């Protein structure tokens, strides 16, 4: 194997990428776009939920309660209506996530020292948000209720302590103090983008040459299969690292995701991940010598598993055992674990030996398969 | 005589049910331009691919530039250049970049390469277009560039698959001039073509049909060996003439050609007066009846129909 | 004039400042087979596209089948048939399905369809194989079928673009039988080709170079009058040296290698025989044969067109 031939192929590949507007788009624009789209769009938090209220009491107390909802960051008190039908219509049409009905005897019963209820209607077509909305609504009402109780105690001259529950929980969140789901989504997006870009670009490379007819000539020259593979993948490796840097940069600089680990660990992990992703793309390109097919399979094989089974969107330990077993085969899983650890926990190479080792093994296997896959014949 | 540059022995290759190449044997020496001539499906491309070491023969063997294509295909590849059908050029690379890429691939040193490139680009008339993207060249120029890339490392054997298809006759002449130069310097060239008239430019020709070798001779001898002769009848009414002469004695073929009829007869000298008489008797006008040199197409058709 | 199926008068087509077609004029009779020759980029395809009503001329008059191309391009398109290079049929449909498809596309009246499709199948020689997938047919059959498809609507004008490249010579001859049969029936045929052997099948040839009509005539006319001088075949070894000598010899208009001999163009054969052998002998080269030969169409082509683009 000679370096001259390998670098000749690498140089040529780089020229192809530079001169092909589609490849450039995928390599440079796509990562940034995905980061911005998903970084902003993909959030598991629920904020500014639209609320419609039907206040049948109209007292100062009921107004004060609604004011609490208005002031909360989680809710947006969009409108008050004076008919139940309007409320129902709003929830049906999706204009309201939460609908509150204050009964007409609300303040009267409270003044009389009794209890009352506020009805909350929740649109549960998105049950995740519905759960959160319910929990938040209950919290707001509980808080209001407790404050009412405190007021009453004070007016009666009793000590505050009587209103306080005996045990409370002091929560300290480690690693993701703001509980910003973005902080854990963004590293996931990095893994996703790199998987997509890497596999997509590399899966086109062999297929493109077959389609254009230049591969037939190339295999008739002294160039070896290994030189072709290395030469073709080196530029994509470099591009992948640049893309990773771009994504991480956007994550930290734009979204303010904390980065507590070392760049070294990140580079090692990213390099291994790229080897796996590029190797897979290359193997796809060898197996499917037309660009359309190769790119379709590449998207299927990277996007779907990375999305579903890497721990990006859905927690792995909540999956049933057989699916969990499958996730061990998904390479993005290890990279994602490492990314989250490096970003949020500041873990080093030592702590991450496990997942790093798994990726290294993966890289070795994929590399061997990819080299063997490419044959210098037309058969 | 030194060992032949290309020595094919009973080369055979099958694709599913079809026998693409059927026990093909031939020899080509240094300095010779050897033509594989035949229509699509004759096995030309398959043969060249086997000689280039990119397709394994199912049977038989071949030695190219001293290396066995079955046992040491990579050895073969170091000493040959193969130009497949289509272009094999990188359209989004410039002329210069293409040449340098192939120079690197074949291990041509920097110093030697500059001189070679200059010489080749001058010879192909591409010197002015060094910085133009290959995709923006005309068809004829692309083929010349592909040839230049193939020659950058001075191969001992050059395998060309239909290099002039779709190229106009003027560019084709330029291209052949380059081939002659190369052959004069000692390279062995095996070129395939579906243009039968190009067969005449080769030193020796192998006529292929459905994977089999029909004949293998110099063009002159092939034409001379053709059974019978061709007589051309110039006439304003070719159909009438054909109708009248088709079944005449000694006529084995009658073909309407533009403004006349080509007849294949067994003996020109004897038959021409007979044909003239027959036309006169039938009242069919003919401005001229004379023997003409057979074209390669005539030779080919005669070989195929006369039995391989 | 009424016999002219196609009339082209001072046709000009410019793309920006570039004149792709530069004042081309010619007429084609009904039932004539006209061959179009010329280097790529010379303007052949542009002219054909204009004749097909696919491109508007910049200036000049073009009349096809009695219709003015500029004013009625759609009508023109309905009256022409086109066979492209390398098969325009659908490989994964059967012969019959392709024919039915084209019959529909060309608006063949329903009543006539069955008959014409049957005719096309027979002339293509595919009787009994109509239900074979086109992809399984060999080149020659496909081209004849493509021709059949192109004439289902009985167009008076037919355009063929390199119709038999790569096709078996026997099939090629059968294909051209069909063409002549159609021409005899009054169809005017335009053939565009690089294959000079095929050009011989045409009634007349038009040579286009750099947007201009450089020559127009029967193959025989072109061969005998167009070439300046006589062509000699010179056998002399070694060829490379002989070529170098003859290129320098005064009185030699052109010299080129051709197989195992040289083709040399000279103004006067008789005088040349002496001059050339003397020039070669002076360099110590032994000349084994000099004889005049009839120029081929290629010689004419090269002479008229000159250097390649």
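Chains as they are written, first to last, in the working numbering: chain A, 1 to 379; chain B, 380 to 687; chain C, 688 to 996.
For each residue, glycine too, the CB sits at the ideal point set by N, CA and C.
Computed from a prediction, not measured in an experiment: that's the story for all the values here.
A residue is called buried when at least 16 other Cβ atoms come within 10 angstroms of its Cβ; residue 290(A) does not meet this threshold and is exposed.
Chain order gives the chain A residues near residue 472(B) as 12, 15, 16, 19, where near means a beta carbon separation below 9 Å. When only Cα atoms are considered, residue 348(A) and residue 308(A) end up about 27 Å apart.
The secondary-structure analysis by DSSP pairs residue 404(B) with nothing; it has no beta-bridge partner.
By a beta-carbon distance limit of 8 Å, residue 940(C) contacts residue 952(C). Their separation comes to about 4 Å. In its chain, beyond the 5 residues on either side, 817, 818, 819, 820, 821 have a beta carbon closer than 8 Å to the beta carbon of residue 781(C). Annotation note: the stretch 789-851 of chain C contains the following uninterrupted beta strand (DSSP E) runs of length 3 or greater, listed N- to C-terminal: 844-848. Per DSSP, the beta-bridge partners of residue 769(C) are 846(C). Taking 8 Å as the cut-off, the beta carbon of residue 510(B) is found no closer than this to the beta carbon of residue 884(C). Listed along chain B, the residues sitting closer than 7 Å to residue 219(A) by beta-carbon distance are 433. Its Cα nearest to that of residue 903(C), the residue 894(C) stands out among 894(C), 870(C), 972(C).
Here residue 338(A) is buried: its Cβ has 16 or more other Cβ atoms, across all protein chains shown, within 10 Å. The beta-carbon separation of residue 398(B) and residue 426(B), rounded to 13 Å, does not stay under the 8 Å limit for a contact. Between residue 598(B) and residue 573(B), the CB-CB gap reaches or exceeds 8 Å.
It is roughly 14 Å from the alpha-carbon of residue 154(A) to the alpha-carbon of residue 113(A). Residues of the stretch 883-899 of chain C with a Cβ closer than 7 Å to any Cβ of chain B, in chain order: 883, 884, 887, 888, 889, 890.
Closer than 8 Å to the CB of residue 8(A) there is at least one CB belonging to chain B. Residue pairing from DSSP places residue 588(B) in a beta bridge opposite 591(B). Think of a sphere of 8 Å around the beta carbon of residue 463(B): the chain A residues whose beta carbon falls inside it are 213, 216, 217, 220, in chain order. The Cβ-Cβ distance between residue 359(A) and residue 277(A) does not fall below 8 Å.
Listed along chain C, the residues sitting closer than 9 Å to residue 674(B) by beta-carbon distance are 884, 887. Contacts with chain A (Cβ-Cβ distance below 7 Å) from the stretch 415-428 of chain B involve 428, listed in chain order.
When DSSP states are grouped into helix, strand and coil, residue 347(A) belongs to the coil group. Around the CB of residue 305(A), 16 or more other CB atoms lie within 10 Å, so the residue is classed as buried. Around the beta carbon of residue 370(A), 16 or more other beta carbons sit within 10 angstroms, so the residue counts as buried. At least 8 Å separates the CB of residue 397(B) from every CB of chain C.
Segment contact: the stretch 782-793 of chain C against the stretch 845-856 of chain C, fewer than three CB-CB distances shorter than 8 Å; contact not assigned. Residue pairing by DSSP leaves residue 739(C) without any beta bridge partner. Legend: CB atoms of the stretch 631-657 of chain B lying less than 7 Å from CB atoms of chain C belong to residues 634, 635, 636, 637, 638. Under the rule that a run must span 4 or more residues, the alpha helix (DSSP H) segments found entirely inside the stretch 869-947 of chain C read 883-886, 926-935. Going by beta carbons, residue 807(C) and residue 835(C) fall inside the 8 Å limit. Taking 8 Å as the CB threshold, residue 223(A) lines the interface with chain B. Under the three-state reduction of DSSP, residue 643(B) is assigned to strand.
Here residue 111(A) is exposed: its Cβ has fewer than 16 other Cβ atoms, across all protein chains shown, within 10 Å.
In chain order, 260, 261 place their CB closer than 6 Å to the CB of residue 346(A), counting only its own chain and leaving out the 5 sequence neighbours on each side. C-alpha of residue 549(B) to C-alpha of residue 945(C): approximately 14 Å in a straight line.
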